[in-house]
Ligand SMILES: *Cc1c(COP(=O)(O)O)cnc(C)c1O
């Protein structure tokens, strides 16, 4: 399955983030030996443990909700944070990044699914966040795009519409805040069950776990 998904991503100029949450360092090494270098995790503790044990040329992405008090643990090595959903969090990332003399690539997480969840911005909140960011000149973060998760449903039309909404948010923000900014280009959407729809709707970064590594416990 990995080869197939990697090929599909490559054919569509999309970056493949292999989501390795709950998987062992041995499982990750198998994929590493096949050439995969970008891995995604959703918990800080698990991520820092794996970072210590695994090759240092892995690019680690955090894709899960990030608490402000845990930012400091990942700042020295994190390659991208997908889950920025408040200005406060962005400020903390900026502050910590400054201490390490780094500029951290981040994505704004949108709430596009029907399911109730605490996490993710709507377009109004994103506008406010970006205005605040401009006012505060946060030079140690680089806002590179958007991220979202579609509803967990078999209704492909709904999933497609949710991805389309995220692509629209991306285009709106690009025009408004980043017209000449090459870095703002990432649309992180699509998981094991829906990455083909996501790519058809404009995704250029897919986050795939179970289709590569097998089902996780509890799924
Ligand atoms: C777990 C997770 C994924 C991968 O999910 P799969 O269905 O296993 O591919 C992608 N994105 C986020 C934010 C996740 O938490």
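Numbering (the numbering used here), first residue to last: 1 to 219.
We put the beta carbon where it would ideally sit given N, CA and C, even for glycine.
Identify whether residue i lies in helix, strand or coil by the three-state DSSP scheme.
i: residue 136; result: helix
i: residue 109; result: strand
i: residue 188; result: strand
i: residue 207; result: strand
i: residue 15; result: strand
i: residue 130; result: helix
Can you give the Cα-Cα distance for residue i and residue j, rounded to whole angstroms?
i: residue 17; j: residue 210; result: 12 Å
i: residue 116; j: residue 152; result: 12 Å
i: residue 165; j: residue 46; result: 32 Å
i: residue 161; j: residue 61; result: 26 Å
i: residue 141; j: residue 22; result: 28 Å
i: residue 77; j: residue 176; result: 31 Å
i: residue 39; j: residue 107; result: 16 Å
i: residue 92; j: residue 124; result: 21 Å
i: residue 85; j: residue 30; result: 33 Å
i: residue 122; j: residue 147; result: 12 Å
i: residue 178; j: residue 191; result: 27 Å
Would you say residue i reaches chain B, if we count a Cβ-Cβ gap shorter than 9 Å as a contact?
i: residue 143; result: Although the question refers to chain B, the structure presented lacks it and comprises just one protein chain.
Within 8 Å: the Cβ of residue i and any heavy atom of ligand 1?
i: residue 211; result: yes
i: residue 63; result: yes
i: residue 203; result: no
i: residue 151; result: no
i: residue 84; result: no
i: residue 24; result: no
i: residue 40; result: yes
i: residue 19; result: yes
Let me know if residue i comes out buried or exposed under the rule of 16 or more other beta-carbons within 10 Å of its beta-carbon.
i: residue 139; result: exposed
i: residue 134; result: exposed
i: residue 194; result: buried
i: residue 50; result: buried
i: residue 96; result: buried
For residue i, is the beta carbon positioned less than 8 Å from some heavy atom of ligand 3?
i: residue 80; result: Ligand 3 is absent from the structure shown, which contains only ligand 1.
Taking residue i as the reference, which of the options has the closest Cα?
i: residue 174; options: 1, 199, 127 and 191; result: 127
i: residue 102; options: 33, 80 and 113; result: 80
i: residue 167; options: 159, 202 and 1; result: 202
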